[in-house]
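Residue numbers for the sequence shown follow the numbering used here, so the first one is 434 and each next one is one higher.
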Amino acid sequence: MRVSIIAALGVNLELGANNALLWHLPDDFSWFIQHTKGKPLIMGRKTMESLGKPLKNRTNIVLTSALSVLPGFEIAKNWDAALDMAKASILRLQKIIPEDSLEVKPGVSILTTLINSDKNNYKATTVETKTISGQGNDGMANSRIHQYAPSIDPEIMIIGGGEIYKQALEFTDRLYITEVNGNFSQADTHFPLWSLQEWKETYHQHHIADEKHQFSFDFRVFDRRE
Ligand SMILES: NC(=O)c1ccc[n+]([C@@H]2O[C@H](COP(=O)([O-])OP(=O)(O)OC[C@H]3O[C@@H](n4cnc5c(N)ncnc54)[C@H](OP(=O)(O)O)[C@@H]3O)[C@@H](O)[C@H]2O)c1
């Protein structure tokens with residue numbers, strides 16, 4: 434199972450200030466949604482607080498020493514627990530994919546959409562889930578699952594913040610980095626220093642500044658070199 438970090442950074446590795454982001458970039462938000470949908474998320478307690486509510490259709494796991502977390506989030510006391518919970522959530526999702534039966538029980542979450550795209554050697558996989566309601570089977574949804582299930586690419590997404598990235602970088606397999614082309618001197622949280630020598634870029638797309646995006650930015654994906 435791949436472990437990936439997804440983060441947006443200013444040119445000096447800035448991540449946030451006062452437990453909030455430093456920019457409003459709708460297309461970066463779409464990128465984040467695209468690459469986290471249907472996957473388990475691991476985050477620090479402060480990032481949970483900055484989100485305020487869990488991201489839908491994803492297992493939202495929070496690392497904390499606290500005894501409770503906000504509704505809809507799941508608590509993990511340490512990395513072993515967080516990674517085990519994330520793996521279990523992927524296995525749950527895989528198990529409920531019927532492989533040789535057309536029966537889908539009401540009330541069960543199933544995969545309904547899986548979009549694969551290949552660009553510059555980089556393969557993106559997006560999975561959506563839905564809960565079957567009613568009493569009968571859902572033959573159409575089921576046949577789509579049947580068709581697409583073998584392509585599932587299990588991935589655990591680490592979504593921040595600074596403390597969590599710092600600890601996770603050494604065992605992360607892939608980085609989804611949005612480089613925001615701006616200086617943010619007010620930042621109080623930074624991404625850890627990382628070396629391009631250890632990472633191979635597999636995807637790069639520039640996004641210009643426009644009326645909706647105050648800064649230009651670059652989507653970049655890196656896989657750890659063998
Ligand atoms: N630009 C981006 O892509 C991005 C993404 C995410 C977040 N952010 C920003 O980053 C900032 C938050 O980051 P942060 O570094 O301050 O906090 P954080 O990493 O979100 O959370 C830190 C907290 O996580 C818990 N924790 C950390 N390591 C742990 C471990 N090994 N075991 C158990 N619990 C652990 C602790 O919670 P307890 O104190 O409860 O024990 C710690 O106080 C905000 O400004 C946010 O907006 C930016």
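Where is the CB? At the ideal position from N, CA and C, for every residue including glycine. Just so you know, these numbers come straight off a predicted model, no measurement behind them.
Closer than 7 Å: residue i CB and nearest ligand 1 heavy atom
i              : result
asparagine 490 : no
arginine 658   : no
asparagine 452 : yes
tryptophan 512 : yes
lysine 486     : no
glycine 477    : yes
glycine 593    : yes
leucine 471    : The displayed chain sequence assigns glycine, not leucine, to residue 471. Because no heavy atom of ligand 1 lies under 7 Å away, the Cβ of glycine 471 does not count as near it: no.
glutamate 596  : yes
leucine 446    : no
serine 483     : yes
Classification of residue i by the beta-carbon crowding that lies within 10 angstroms, buried from 16 upward
i                 : result
leucine 535       : Note on leucine 535: pLDDT 36, under 50, position unreliable in the model; the coordinate value appears next. Looking at its Cβ environment, which holds fewer than 16 other Cβ atoms inside 10 Å, leucine 535 is exposed.
phenylalanine 655 : buried
glycine 485       : exposed
glycine 662       : The requested residue 662 does not occur in the structure, where the chain is confined to residues 434 to 659.
histidine 468     : buried
arginine 491      : buried
valine 441        : It is alanine, not valine, that sits at residue 441 in the sequence shown. That one is buried.
leucine 455       : buried
alanine 521       : exposed
Cβ-based neighbour list, residue i, same chain, cut-off 8 Å, excluding 5 preceding and 5 following
i              : result
glutamate 482  : Asn452 and Leu503
methionine 518 : Pro473, Thr492, Ile494, Glu507 and Ala509
Proximal residues to residue i (C-beta, below 7 Å), its chain only, five neighbours per side dropped
i              : result
glycine 594    : Leu448, Gly449, Gly477, Lys479, Thr480 and Thr622
arginine 658   : Glu631, Trp632 and Lys633
asparagine 614 : Val444, Phe648, Ser649 and Phe650
Cross-strand partners of residue i (DSSP beta bridge)
i              : result
tryptophan 632 : Arg657
leucine 608    : Ile438 and Phe655
threonine 622  : Gly449
histidine 646  : Asp643
Residue-level contact to chain D via CB, residue i, 8 Å cutoff
i           : result
glycine 449 : Of the chains in the structure shown, none is chain D; there is only one protein chain.
Nonlocal neighbours in the same chain, by C-beta distance under 6 Å from residue i, ignoring five residues either side
i                 : result
phenylalanine 506 : Met481, Pro487, Asn493 and Val495
**Asked** Does the region 452-462 come close enough to the region 641-651 that 3 or more CB-CB pairs lie under 8 Å?
**Response** yes
**Message:** Does the region 601-610 come into contact with the region 491-510, if we say contact requires no fewer than three beta-carbon pairs (one atom in each stretch) closer than 8 Å?
**Reply:** no
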